[in-house]
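Please read the structure below before turning to the comments.
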Amino acid sequence: MPQRPIADDERQRVSGYLLSQGEKYSWLALWPRVVDARIDFLNTLNRVSPEQAAWKPAPEDWSIEEVAQHVLDGSRRNADMIANLAFGREPNLGPQGIGAIDPAQRAAALSWPDLVDALIDDSRQFGNVIDGLPEPPAFEPRPAHPFFGPLHSRGWFMFQRVHDLDHVNQVNAIKETDGYPA
Numbered sequence: 002m003p004q005r006p007i008a009d010d011e012r013q014r015v016s017g018y019l020l021s022q023g024e025k026y027s028w029l030a031l032w033p034r035v036v037d038a039r040i041d042f043l044n045t046l047n048r049v050s051p052e053q054a055a056w057k058p059a060p061e062d063w064s065i066e067e068v069a070q071h072v073l074d075g076s077r078r079n080a081d082m083i084a085n086l087a088f089g090r091e092p093n094l095g096p097q098g099i100g101a102i103d104p105a106q107r108a109a110a111l112s113w114p115d116l117v118d119a120l121i122d123d124s125r126q127f128g129n130v131i132d133g134l135p136e137p138p139a140f141e142p143r144p145a146h147p148f149f150g151p152l153h154s155r156g157w158f159m160f161q162r163v164h165d166l167d168h169v170n171q172v173n174a175i176k177e178t179d180g181y182p183a
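Spelled out as structure tokens, the structure:
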């Protein structure tokens with residue numbers, strides 16, 4: 002599915018939400034909201050067959066398995082960034098830079114059952130990313146998200162919630178598209 006454009010006012014609203022929630026609440030207070038969103042995403046994958054996972058509404062659109070691969074790729078990179086930022090360290094993003102956190106559409110690297118298992122395992126690991134992080138964390142540096150601007154460590158943690166919920170909606174939209182395999 003083509004990415005919908007984000008209006009400037011929505012961008013600012015989300016950015017403000019990510020920053021303010023991260024400044025107001027502790028890691029433990031934020032954790033249930035972030036993990037609940039990931040569970041919602043995993044639940045959208047329940048009972049999706051390999052055929053359904055590979056199906057695309059149109060050639061340029063995303064399949065469910067591409068969405069799942071995207072969530073997995075981004076989550077792994079974001080966890081490392083959150084941990085570095087919490088200690089006041091610059092993230093190690095490599096040559097892709099900040100775009101590595103929200104990677105582009107790509108084919109799934111694993112079979113559908115293995116991809117779902119990898120997402121479940123990543124979800125367990127991501128849920129534990131806050132273990133050992135300082136409370137309060139460092140609020141600098143703030144690498145800029147491509148859409149939402151500069152975010153601190155807990156802002157990036159909350160970004161994962163927004164990201165996962167956005168992809169819950171994307172998977173549900175794919176499932177509701179005419180032609181989706183039964």
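Quick note on our numbering: the sequence shown kicks off at 2 and runs consecutively. Every residue gets a Cβ at the ideal spot worked out from N, C-alpha and C, and that includes glycine. Predicted, not measured: the structure shown is a model, and the values here were computed from it.
About 6 Å separates the CB atoms of A119 and L111; that is less than 8 Å, so the two are in contact. Nearest in C-alpha terms to I131, of all of L31, R39, G17, is L31. P92 is not a Cβ neighbour of G180, given a cutoff of 8 Å. In the displayed model, H146 falls within a strand according to three-state DSSP. P33 carries a helical assignment under DSSP once its states are collapsed to helix, strand and coil. Between A38 and R162, the CB-CB gap stays under 8 Å. When the beta-carbon positions are compared, H168 and V36 stay at least 8 Å from each other. Under a 10 Å Cβ-count criterion, G75 is classified as buried, with 16 or more other Cβ atoms of the shown protein chains found around its own Cβ.
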